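Visitor:
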Amino acid sequence: LAFFNNSLVCPDGWMASLHSCWYPVENRVTWTAASQFCSEHTWGGVRGRLLDAKTAVERSFVAPPSSGSDASYFSYFHTGLKRNASNNQWVWGDGTQPEVGAFYMGRPAPNCAALDTFTGAMVDVTCGLQLKFICQIDKYI
104 LAFFNNSLVC PDGWMASLHS CWYPVENRVT WTAASQFCSE HTWGGVRGRL LDAKTAVERS
164 FVAPPSSGSD ASYFSYFHTG LKRNASNNQW VWGDGTQPEV GAFYMGRPAP NCAALDTFTG
224 AMVDVTCGLQ LKFICQIDKY I
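Per the numbering used here, the sequence shown starts with residue 104, numbered consecutively.
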């Protein structure tokens, strides 16, 4: 993972990115387990959430694995983007909607989105797929 601006305040063990702090987790788990793990981590009263990599710049901070067995679908990370079951709309963990046409969400069945670190694209995946993930919290300024 590539990060910058580490001088801004983040909790110990977290890395500073553009406007938030990231905590990468190497364990592969389902979207639900990843989301729960992130929400259990708080800082200054703020709950963590799955990565909201809304822009190409933010997505570029997550570098692909260099080689080995991780050079396959394991280059995918769970993100905070999920389809709302009540209205079938995609929504980020912070409640905002993604930009129209910003991501490839072609199949009707998957309800979660992952970041493909090789292409920087967001793709729809089955929520039960076990992937690595990154937790995110807003950083103190």
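Beta carbons: idealized from backbone N, C-alpha and C, even for Gly.
Predicted, not measured: the structure shown is a model, and the values here were computed from it.
Given Q200, which residues of its chain have a CB within under 7 Å of its CB, disregarding the five upstream and five downstream residues?
Guide: Numbered from 1 along the sequence shown, position 97 holds the residue referred to as residue 200. So the list reads Q192, W193 and V194, once near-sequence residues are dropped.
Visitor: Express the C-alpha separation of F180 and Q233 in angstroms, rounding to a whole number.
Guide: On the sequence shown, residue 233 is found 130 positions in, with the first residue counted as 1. On the sequence shown, residue 180 is found 77 positions in, with the first residue counted as 1. When rounded, the distance between both Cα atoms is 9 Å.
Visitor: Pick helix, strand or coil for W134, following the three-state DSSP scheme.
Guide: Position 31 of the sequence shown, counted from the start, is the residue given in the question as residue 134. In this structure, W134 counts as helix in the three-state DSSP scheme.
Visitor: Buried or exposed: which applies to S138, given that a residue is buried once 16 or more other Cβ atoms fall within 10 Å of its Cβ?
Guide: Taking the sequence shown and counting its residues from 1, one reaches residue 138 at position 35. Under this definition S138 is a buried residue.
Visitor: Using the three-state DSSP reduction, which class does S178 fall into: helix, strand or coil?
Guide: Walking along the sequence shown from the start, residue 178 turns up at place 75. Reduced to three states, the DSSP call for S178 is helix.
Visitor: Leaving out five residues on either side along the sequence, give the residues of the same chain with a beta carbon under 7 Å from the beta carbon of S123.
Guide: The sequence position of residue 123 within the sequence shown is 20, counting from 1. Counting only Cβ-Cβ distances below 7 Å, and skipping sequence neighbours, we find Q239, I240, D241 and K242.
Visitor: Which same chain residues end up closer than 6 Å to G148 when comparing Cβ atoms and leaving out the 5 residues on each side of it in sequence?
Guide: The count along the sequence shown starts at 1 and reaches residue 148 at position 45. There are no such residues.
Visitor: Just the Cα atoms here: how many angstroms apart are D219 and M225?
Guide: Translated into the one-based positions of the sequence shown, residue 219 becomes position 116. Translated into the one-based positions of the sequence shown, residue 225 becomes position 122. Each residue's alpha carbon lies about 6 Å from the other.
Visitor: Looking at the strands, I want to know which residues DSSP matches up with W125.
Guide: Translated into the one-based positions of the sequence shown, residue 125 becomes position 22. DSSP output for W125 lists M118 and Q239 as bridge partner(s).
Visitor: Determine the DSSP secondary structure at C230, reduced to helix, strand or coil.
Guide: For this step, residue 230 is matched to residue 127 along the sequence shown. Three-state result, C230: coil.
Visitor: Taking L218 as part of the beta strand (DSSP E), name the residues at either end of that continuous run.
Guide: To locate residue 218, count along the sequence shown from 1; it is residue 115. Its beta strand (DSSP E) spans residues C215 to D219.
Visitor: What does K185 pair with, by DSSP beta-bridge criteria?
Guide: If you number the sequence shown from 1, residue 185 lands on position 82. For K185, which the question treats as bridged, DSSP gives the partners V194 and C215.
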